[in-house]
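Just so we're aligned, residue -5 is where the sequence shown starts under this note's numbering, counting upward by one.
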Amino acid sequence: MTERLFILDGPGFLFRAYHALPFLSTSRGEPSHAVFGMSTMLWKLLREDSPDYFAVAWDPPGKTFREEQFAAYKETRAPTPNDLRVQIPRVKTLFEALHVPVLEVPGFEADDVLGTVVEQVRDRPLDVVLVTSDKDMLQLVSPRVRVFSTTGRGGDRVVYDEAAVKAKWGVEPAQIPDILALMGDSIDNIPGVPGVGEKTAAKLIGQFGSVERLYENLSLVPGKLRETLAANRKQALLSRELATVSTRVPITLDLETVRRREPDWDRLRTLWTEMEFYTLLRQLPAQPAPEAGGDETPTIADAESLARFLAQVPAGEPIAVEWVGDATPPDPTVREIGLYHAAAGAAVVSCGSVADDGCRWVVEGLAGRTLIGHDVKALAEWWLARGAALPPLEDTAVVAYLLNPARTNYKLEEVCAELMGQGPGVARAGTRARWIGDLWAMTPRALEEVGLRRLYEEIERPLIAVLADMERHGIRVDRARLGEFSRELEIHLDRTTREIYQLAGEEFNIGSPKQLACILFEKLKLPPVKRTKTGYSTDADVLEQLAIGHELPARIVEHRTLAKLKSTYADALPTLVNPVTDRIHTSFNQLVAATGRLSSSAPNLQNIPVRTELGRRIRAAFVPEPGWRFLAADYSQIELRILAHVSGEESLVEAFRRGEDIHARTASEVFGVALDAVTDAQRDIAKTTNFSVIYGVTAFGLSRGLDISTKQAQEFLDRFFARHPKVRAYLGRTVAEARERGYVTTLLGRRRYLPELRSGNPNLRGFGERMATNAPIQGTAADLVKIAMVRMAERLRADGLQSRMLLQVHDELLFEAPAAEVERLRALAVEVMESALPLDVPLKVDVKVGDDWAAV
């Protein structure tokens, strides 16, 4: 079989990867998408095509000979974006790790290196594949030379041999420079002949054979085209010269130097770990990970075996644990627990071996020991379900979240790969416990280095037990209320469906965007607002705009709202009620939001609508135990208070200290009217403007929120900042510091990394700037709520109250209390929550009490 030489157009594919992929970065803020694109493409090419020889052609720094010939050559190209330039050293490291030689010659482009190499191996028994998307390279195609291009639809590979070039261009490969001489090349700023496009150029070269013969027979070209060609003869000949790949680069290829070799696996693994390419890391050959202390991990099946293991662990030293089971609250199941300590080695506790006491022997044996786990909340719930006090817990997943809050998941394998360069892979719980122990050994220093140890120890770590307790308690649901509401929604849906059919003049699938678009834009002739890849959009924004001129879009919005309430809440929630507890046990996610906010899932109880009457009907189905009541404690205007504190804006600080309506105060200042003369409309505008400032909303965004012109919105913002100059200064200072450091921090030190600020894409940079202004405020609010949760749990326990915390939703905590404890709980919530974080402005907590969630 003939050997194959692959040569990659390095710069071409680097730019293609940079522009084709969305902006990506590491947790440290280092741009990475171009490196990821190159890594993915090279890895796939080397594995799937298995070339015998492989090299990369690269552009050298400085000018090339073409720029000497034509000063404007490539002049229209924008400078290399900063976020691409910083990735080039990483790409060079990638080549070195893959043992891919780089061919680079001063004064010559990568194209010319490719052409010269092709010429040098032309007479050898070798098939050559040029991996490039540059149409210039098609001129090198011959019986033994092909081009692999990814210019096809969806990034699919297109292979060009002589027949394919002829089929696409109508000429032989060697005639490609002649076509480019006439049509030009906007990418390289090759001028060509004005007004001559691809089709005309291909037709002329197909007829005459070359630019020279075209000009020799110019009289055969009709009319105006002949005049244009004649006037641009010199330019056409220059363009042909510029488009012709040089085969005379001073380079001599020794095939053995480009023979494919095995990658440097350690270096490749290190690079991809530093760049956080976890999907690629999983494709690398597994590293041997022997069990510590021997071959087989011993199994502990009873209390005596556990005691013998623990006797080897020095008193007071923590033990790493890895549990295996089902994390579903309120009573997770644990099948086995891996244990590890350097002095005792690894072992696996089998929790199914002694079933008569629910494995209480494990809980009792480990009582008082500090346990280090990875995402230990479910283990904590299992522990609590056995009626035992929780031992001291440490959590490496929470630590990893604090160190890198932008990750999509915190699986042990990937965290170990990020922080230690490798992970346990598929292994028994004992081995995984050892990895947790190794991970923990380095985390205190890592937290200390970025100033996050206090945040971990005082907020995130104690919160684990609080969330475990909340998940175990769950919240009671009145299934009868939900059933009644579901039937009402069904009737309402039927009526709305009939109205829609009547307005449309026919029946159709209301849930089909395609059929709906046909009704709206073809039958009713409503003006399309925007297109998607599959046709005209019928999303909520579009329907709301269309509803101004026709009733049908409004009915569609109503139908979607009713259908979602019915399917997502009224019908689904009863199926999630635990048959034993008669309560819903949501899962609180501590490791999801980069801002530090908690979220909930299975089901998501934070997104239940509250602003509409129908949404409140869903909340009304959540009820306390008989003889108990709900109490909701809600922070008032928490983010605006934090803005006043961090900016030091006196007018805002004083307004909060006086207990004024802050939105009315803003309206008074912005509109220049007395506080008692502010209208409802002016207050609404001021409220929207206040929150727009916090969230970094532009004048355009504010205009949409207020349904006014962009000019008017900008005037409102200008007036706000004129009256609050310290707010403007704070926001500007925050963005500047974020650009310099790559991250912003909350008052308690939580970091939000913002690599978008380094992007060459203006839209992404704008997004990064908005995040820079908002994240410190929103993140501080999240920290404050978590402090309140931890301290409320401590006080409820210390004061011996039966009351319990059930939910956290935005800035609100929901409690369930015996009727006799309600007033005591009210006073406690105000005391603890309003003193949770000292600010220059007072914190205010509004408390409501009711017999269902809607009532509070």
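Virtual Cβ for every residue (Gly too), placed ideally from N, Cα, C. The model shown is predicted, which means the values in this text are computed figures rather than measured ones.
Report the three-state DSSP secondary structure of residue i (helix, strand or coil).
i	result
Lys197	helix
Thr526	strand
Ala627	strand
Leu92	coil
His579	coil
Arg830	This sequence places Ala at residue 830; Arg is not what is there. In this structure, Ala830 counts as coil in the three-state DSSP scheme.
Leu365	strand
Arg118	coil
Ser344	strand
Gly743	coil
His335	strand
Ala283	Any reading at Ala283 must be qualified, since the residue scores a pLDDT of 49, below 50, and its modelled position is unreliable; the value itself is stated next. Three-state result, Ala283: coil.
Gln796	coil
Asp289	Summary for Asp289: the model assigns pLDDT 43, below 50, so the residue's position carries little reliability; its value from the coordinates is reported in the next sentence. The answer is coil: DSSP assigns Asp289 none of H, G, I, E or B.
Tyr724	helix
Gly146	Because the pLDDT of Gly146 is 44, which lies under 50, any placement of that residue in the model is unreliable, and the number read from its coordinates should be weighed accordingly. Here Gly146 sits in coil by DSSP.
Val729	helix
Ser561	helix
Gly6	helix
Leu585	coil
Tell me where the beta strand (DSSP E) around residue i begins and ends.
i	result
Ala596	Unbroken run through Ala596: none, as it is neither H nor E.
Val738	737 to 739
Pro812	806 to 812
Arg140	139 to 143
Asp389	387 to 389
Tyr47	47 to 51
Val153	152 to 154
Using the beta-carbon count (16 or more within 10 Å), is residue i buried or exposed?
i	result
Leu208	buried
Ser662	buried
Thr927	With the chain covering only -5 through 850, there is no way to say anything about residue 927.
Gly499	exposed
Ser19	buried
Leu800	buried
Lys527	exposed
Thr267	buried
Trp163	buried
Ala161	exposed
Leu669	exposed
Leu176	buried
Trp259	exposed
Within the continuous alpha helix (DSSP H) that includes residue i, where are the two ends?
i	result
Pro547	545 to 558
Asp3	Where Asp3 is concerned, there is no enclosing alpha helix (DSSP H), although the beta strand (DSSP E) it sits in stretches over -3 to 3.
Ala782	756 to 792
Asp840	Asp840 -> not in any alpha helix (DSSP H); beta strand (DSSP E) instead, spanning 839 to 844.
Ser33	27 to 43
Asp488	473 to 498
Ala383	Ala383 -> no alpha helix (DSSP H), and no H or E assigned at all.
Val536	534 to 540
Tyr209	205 to 210
His467	455 to 467
Val571	Careful: Val571 lies outside any alpha helix (DSSP H) and carries neither H nor E.
Thr126	From DSSP, Thr126 is part of no alpha helix (DSSP H); its letter is neither H nor E.
Asp712	704 to 717
Lys218	217 to 225
Ala421	Segment: none, Ala421 is in no alpha helix (DSSP H) and carries neither H nor E.
Ile170	170 to 177
Using a Cβ cut-off of 8 Å (strictly closer), state whether residue i contacts chain C.
i	result
Thr238	The chain labelled as chain C is not found in the depicted structure, where only one protein chain is given.
Next item on the list: Scan the stretch 299 to 332 and note each continuous beta strand (DSSP E) run of 3 residues or more that stays entirely inside, going in chain order.
Entry: 313 to 320
Original post:
Going along the chain, which unbroken runs of the alpha helix (DSSP H) with 4 or more residues stay wholly within the stretch 235 to 281?
Top reply: Inside the stretch 235 to 281, DSSP marks whole alpha helix (DSSP H) runs of 4 or more residues at positions 259 to 268, 272 to 275, from first to last along the chain.
Validate contact between the stretch 607 to 622 and the stretch 461 to 479 using beta carbons, cut 8 Å, 3 pairs:
yes
| If you pair each beta-carbon of the stretch 532 to 550 with each one of the stretch 580 to 598, do three or more pairs fall below 8 Å? | No contact exists between the stretch 532 to 550 and the stretch 580 to 598.
Q) If we count Cβ pairs, one from each stretch, closer than 8 Å, do we get three or more for the stretch 630 to 649 versus the stretch 815 to 830? A) The stretch 630 to 649 is not in contact with the stretch 815 to 830.
**OP:** Mind listing, in chain order, the continuous beta strand (DSSP E) runs of no fewer than 3 residues lying wholly within the stretch 612 to 700?
**Re:** The beta strand (DSSP E) runs of length 3 or more contained entirely in the stretch 612 to 700 are, from start to end of the chain, 622 to 629.
Quick test of the definition: if touching needs 3 or more C-beta pairs under 8 Å, does the stretch 15 to 35 touch the stretch 733 to 753? yes
At a cut of 8 Å, does the stretch 188 to 198 reach the stretch 212 to 225 through at least three beta carbon pairs? yes
- prompt: Are the stretch 319 to 338 and the stretch 455 to 474 touching, with three or more C-beta to C-beta distances below 8 Å?
  reply: The stretch 319 to 338 vs the stretch 455 to 474: in contact.
Check: With a cut-off of 8 Å, do at least 3 Cβ pairs link the stretch 566 to 585 to the stretch 504 to 518?
Finding: no
* Does the stretch 724 to 741 come close enough to the stretch 763 to 771 to have 3 or more Cβ pairs within less than 8 Å? -> yes
**Asked** Is the stretch 305 to 320 in contact with the stretch 449 to 462, if contact means three or more CB pairs nearer than 8 Å?
**Response** no
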